[in-house]
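If you use UniProt numbering, the sequence shown closes out at 554, no skipped numbers anywhere.
So the structure is just underneath, and the comments pick up after that.
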Amino acid sequence: MSMVIGRGIIANRFINYSLQSRYLIFAGSVHDSTLRDSVIFLQEEEALRASLLQHPQAVFVYFSSCSLLDPEESQSPYVQHKIRMEQLVRNSTGRYLIFRLPQVLGLSDEKTSLVNYLVDAIVAGRPFDLWRNAQKNLIDIDDVYQIAHDILGRGGCSNEIINIASPRKTPVLELVKIIESYFNRNAEYQLVDKGTSYDIDIGPINDIVKRLNIEFGHDYLKRALDKYFRHLIKPPLLLSVIVPTYNEEAGIDEFYRRTKSVLAQLKPRFDHEIIFVNDFSTDNTYAKLTNLASLDPSVKLINFSRNFGNQIAITAGIDYARGDIAVIIDDDLQDPPEIMLDLLAKWSAGFKVVYGVRPKRQGVNFLFRLLAKIYYRLISSLSETKIPNDTGDFRLIDRVVIDQLKLMKEENRYYRGMVAWVGFPQTGCVYERDKRYAGKSTFSLRKYINFALNGLTSFTDKPLYFSSLLGFIITIAGFLLALSQIVVKIIDPSVSIRGWTSLMALVIFFGGIQLLSIGVIGVYISKIYREVKGRPLYILESTTNVNEQVYGKK
Numbered sequence: 001m002s003m004v005i006g007r008g009i010i011a012n013r014f015i016n017y018s019l020q021s022r023y024l025i026f027a028g029s030v031h032d033s034t035l036r037d038s039v040i041f042l043q044e045e046e047a048l049r050a051s052l053l054q055h056p057q058a059v060f061v062y063f064s065s066c067s068l069l070d071p072e073e074s075q076s077p078y079v080q081h082k083i084r085m086e087q088l089v090r091n092s093t094g095r096y097l098i099f100r101l102p103q104v105l106g107l108s109d110e111k112t113s114l115v116n117y118l119v120d121a122i123v124a125g126r127p128f129d130l131w132r133n134a135q136k137n138l139i140d141i142d143d144v145y146q147i148a149h150d151i152l153g154r155g156g157c158s159n160e161i162i163n164i165a166s167p168r169k170t171p172v173l174e175l176v177k178i179i180e181s182y183f184n185r186n187a188e189y190q191l192v193d194k195g196t197s198y199d200i201d202i203g204p205i206n207d208i209v210k211r212l213n214i215e216f217g218h219d220y221l222k223r224a225l226d227k228y229f230r231h232l233i234k235p236p237l238l239l240s241v242i243v244p245t246y247n248e249e250a251g252i253d254e255f256y257r258r259t260k261s262v263l264a265q266l267k268p269r270f271d272h273e274i275i276f277v278n279d280f281s282t283d284n285t286y287a288k289l290t291n292l293a294s295l296d297p298s299v300k301l302i303n304f305s306r307n308f309g310n311q312i313a314i315t316a317g318i319d320y321a322r323g324d325i326a327v328i329i330d331d332d333l334q335d336p337p338e339i340m341l342d343l344l345a346k347w348s349a350g351f352k353v354v355y356g357v358r359p360k361r362q363g364v365n366f367l368f369r370l371l372a373k374i375y376y377r378l379i380s381s382l383s384e385t386k387i388p389n390d391t392g393d394f395r396l397i398d399r400v401v402i403d404q405l406k407l408m409k410e411e412n413r414y415y416r417g418m419v420a421w422v423g424f425p426q427t428g429c430v431y432e433r434d435k436r437y438a439g440k441s442t443f444s445l446r447k448y449i450n451f452a453l454n455g456l457t458s459f460t461d462k463p464l465y466f467s468s469l470l471g472f473i474i475t476i477a478g479f480l481l482a483l484s485q486i487v488v489k490i491i492d493p494s495v496s497i498r499g500w501t502s503l504m505a506l507v508i509f510f511g512g513i514q515l516l517s518i519g520v521i522g523v524y525i526s527k528i529y530r531e532v533k534g535r536p537l538y539i540l541e542s543t544t545n546v547n548e549q550v551y552g553k554k
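Right, here's the structure in full:
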């Protein structure tokens with residue numbers, strides 16, 4: 001059973017909570033404050049009771065309404081229903097959180113929310129009544145998610161009722177003017193002398209809002225309109241999902257299902273394409289992908305002629321991506337597709353790169369986690385390019401970044417460093433990495449070592465300097481040691497200088513240092529050799545549903 005109950009923009013935005021077990025999110029299905037149907041109210045109350053019984057160990061998170069604070073609506077059927085729901089939560093479970101929300105900004109098929117209703121009416125030229133005195137503390141659903149996610153992530157504030165709302169009261173008449181300006185349309189409305197303005201206490205979330213840098217400025221509503229309703233005046237944006245894959249037949253279907261579920265929520269704001277790059281899989285992966293591509297034209301399949309490696313598979317995906325933005329993600333479901341919603345929210349805030357940060361990784365032993373932390377901090381300290389710690393290739397990149405990556409022709413590719421090197425505004429998105437959904441990782445210890453060495457040598461030449469520095473230090477030490485022996489011999493000619501064992505140890509030590517230094521130089525020379533050959537980065541055996549014209553391909 002999913003841990004997110006309900007429908008609408010709240011349930012959709014919290015979809016990434018569906019597979020965890022700590023919190024049961026009850027978003028509900030009654031969001032229309034004008035509703036009077038007692039049968040629908042009763043159905044939602046029964047659904048809440050059933051949810052409480054099925055997950056007694058989970059913290060129950062209920063999304064209620066700030067309408068309970070409106071004195072003029074205190075006796076309305078909708079508010080009375082919400083009061084009963086809150087009482088039921090408080091009386092039926094020992095651990096709960098109730099979030100009260102005002103009117104929420106977001107795209108929904110339901111036109112009952114205020115902004116969706118007004119946009120629909122104004123765009124369609126349909127007349128409507130407008131309450132002259134009404135004011136609303138409107139808030140973007142992405143900001144609701146950020147604040148609630150922060151509270152839940154800290155595990156505190158149990159058994160509380162918390163208001164999540166904007167501190168700014170917006171008169172509904174002002175909201176209509178903003179919508180008119182955005183769509184360049186005149187609204188047909190009749191002013192009605194109704195509506196109220198009431199205070200919402202948001203003190204408990206003030207520090208969170210500051211920490212998350214949420215700005216409720218004068219352009220807040222305009223930015224939200226552009227985020228959710230741009231498709232009504234401009235063509236929808238295209239999102240490319242780039243999926244390098246190798247021997248993942250056991251998890252392909254589940255990855256596709258979950259990814260399509262997320263992408264369906266983004267319509268009609270975004271069209272999409274899913275680009276699978278098959279890195280010469282030896283199992284049934286290619287056959288499954290071929291079947292998916294035959295059933296779904298949005299699935300693009302690139303099939304390599306041999307195994308070229310994960311980073312080259314990402315390169316092919318970027319070469320063929322047509323999207324305004326792209327998300328790079330593996331298909332083993334360790335990186336949940338639902339996190340794409342979080343990446344998009346940060347992209348909408350103006351960032352050109354949003355990378356996943358995974359401080360906790362399930363299914364990985366302590367030694368591996370320790371070595372990974374040491375490695376990323378080492379490469380960060382050595383490289384002039386600041387590569388974020390605890391990141392992988394799971395990230396969102398804007399078209400301006402995609403175009404720059406296509407211009408980078410090197411064969412030795414390390415995308416975590418390449419994307420960092422490109423620049424542009426970048427930020428991280430913290431998430432908890434899951435265990436593999438199925439199968440075993442094909443990334444062997446040898447591949448990890450090669451990957452680490454490639455990353456280290458692709459973005460810093462300091463190992464060469466360290467070799468030179470070490471050689472210089474040893475040379476000086478040897479010179480001083482020889483000088484001291486000469487001085488001793490001059491002072492006392494009878495002293496005999498002996499020590500064949502220590503001499504051989506020093507010879508072996510210095511020989512090892514020399515070989516190590518030569519090896520470091522050899523790695524860099526090998527990389528130069530591979531670059532100057534100028535071979536294609538990859539060779540395709542076949543493609544499906546793909547436009548063959550590719551720009552930036554070597």
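Virtual Cβ for every residue (Gly too), placed ideally from N, Cα, C.
Straight-line Cα distance separating residue j from residue i
i: Tyr-551; j: Gln-404; result: Summary for Tyr-551: the model assigns pLDDT 44, below 50, so the residue's position carries little reliability; its value from the coordinates is reported in the next sentence. Cα-Cα distance, rounded: 11 Å.
i: Lys-554; j: Asp-319; result: Below a pLDDT of 50, predicted positions are generally treated as unreliable, and Lys-554, at 44, falls in that range; the measurement from the model is reported next regardless. When rounded, the distance between both Cα atoms is 9 Å.
i: Gln-334; j: Cys-66; result: 37 Å
i: Asp-342; j: Ile-147; result: 12 Å
i: Val-119; j: Ile-179; result: 7 Å
i: Val-104; j: Ser-166; result: 10 Å
i: Met-85; j: Pro-56; result: 17 Å
i: residue 589; j: Glu-411; result: What is shown of the chain runs 1 to 554, which leaves residue 589 out entirely.
i: Val-487; j: Pro-493; result: 10 Å
i: Thr-34; j: Val-262; result: 30 Å
i: Asp-271; j: Arg-49; result: 38 Å
i: Val-176; j: Ile-141; result: 19 Å
i: Ala-345; j: Ile-473; result: 52 Å
i: Ala-58; j: Ser-29; result: 21 Å
Cβ separation of residue i and residue j, assumed to be a contact under 8 Å, to the nearest whole Å
i: Val-277; j: Ala-313; result: 4 Å
i: Val-79; j: Tyr-23; result: Wrong, their Cβ atoms sit about 26 Å apart, outside the cutoff.
i: Pro-395; j: Ile-328; result: Residue identity check: residue 395 is Arg in the sequence provided, not Pro. Rounded, the Cβ-Cβ distance is 6 Å, consistent with contact.
i: Ser-240; j: Arg-322; result: 6 Å
i: Glu-45; j: Leu-88; result: 7 Å
i: Arg-185; j: Val-115; result: Wrong, their Cβ atoms sit about 15 Å apart, outside the cutoff.
i: Ile-214; j: Ile-162; result: Rounded, the Cβ-Cβ distance is 15 Å, inconsistent with contact.
Coarse secondary structure for residue i, derived from DSSP in three states
i: Tyr-438; result: Looking at the sequence provided, one finds Ala at residue 438 rather than Tyr. In this structure, Ala-438 counts as coil in the three-state DSSP scheme.
i: Gly-317; result: helix
i: Glu-44; result: helix
i: Phe-128; result: strand
i: Leu-138; result: coil
i: Val-30; result: coil
i: Glu-338; result: helix
i: Tyr-117; result: helix
i: Gln-426; result: strand
i: Ala-349; result: coil
i: Asp-80; result: Checking the sequence, you will find Gln at residue 80 rather than Asp. Three-state DSSP puts Gln-80 in a helix.
Opening and closing residue of the beta strand (DSSP E) in which residue i lies
i: Val-61; result: 59-65
i: Gly-392; result: 391-398
i: Glu-273; result: 270-278
i: Leu-540; result: 540-544
i: Phe-99; result: 96-101
i: Glu-160; result: 160-163
i: Leu-301; result: 299-304
i: Thr-245; result: 237-245
Close Cβ partners of residue i (< 6 Å) along its chain, the five nearest in sequence each way excluded
i: Pro-10; result: Per the sequence shown, residue 10 should be read as Ile rather than Pro. So the qualifying residues of the chain are Ala-27, Phe-63.
i: Ile-539; result: Ser-305
i: Ala-134; result: Val-172, Gly-195
i: Ile-208; result: Ile-147, Asp-150
i: Asn-303; result: Asn-278, Glu-541, Ser-542
i: Leu-212; result: Gln-146
i: Glu-432; result: Lys-360
Chain-order list of residues whose beta-carbon lies under 7 Å from that of residue i (same chain, five-residue window excluded)
i: Asn-545; result: Ala-293, Pro-297, Val-299, Lys-300, Leu-301
i: Arg-36; result: Pro-77
i: Lys-222; result: Ile-178, Tyr-182
i: Tyr-17; result: Met-3, Val-4, Tyr-23, Ile-25
i: Asp-331; result: Val-243, Thr-245, Glu-248, Gly-251, Ile-252, Phe-255
i: Thr-285; result: Thr-245, Asn-247, Glu-248, Glu-249, Ile-252, Asn-278
Own chain residues within Cβ distance below 8 Å of residue i, not counting five before or after
i: Asn-307; result: Tyr-246, Asp-279, Phe-280
i: Arg-535; result: Glu-411
The alpha helix (DSSP H) enclosing residue i, as first and last residue numbers
i: Thr-259; result: 252-265
i: Leu-173; result: 172-183
i: Tyr-414; result: Counting along the chain, Tyr-414 falls outside any alpha helix (DSSP H), and DSSP gives it neither H nor E.
i: Ala-287; result: 285-295
Beta carbon proximity, residue i to chain D, threshold 8 Å
i: Ile-5; result: In the structure shown, chain D cannot be found, because there is only a single protein chain.
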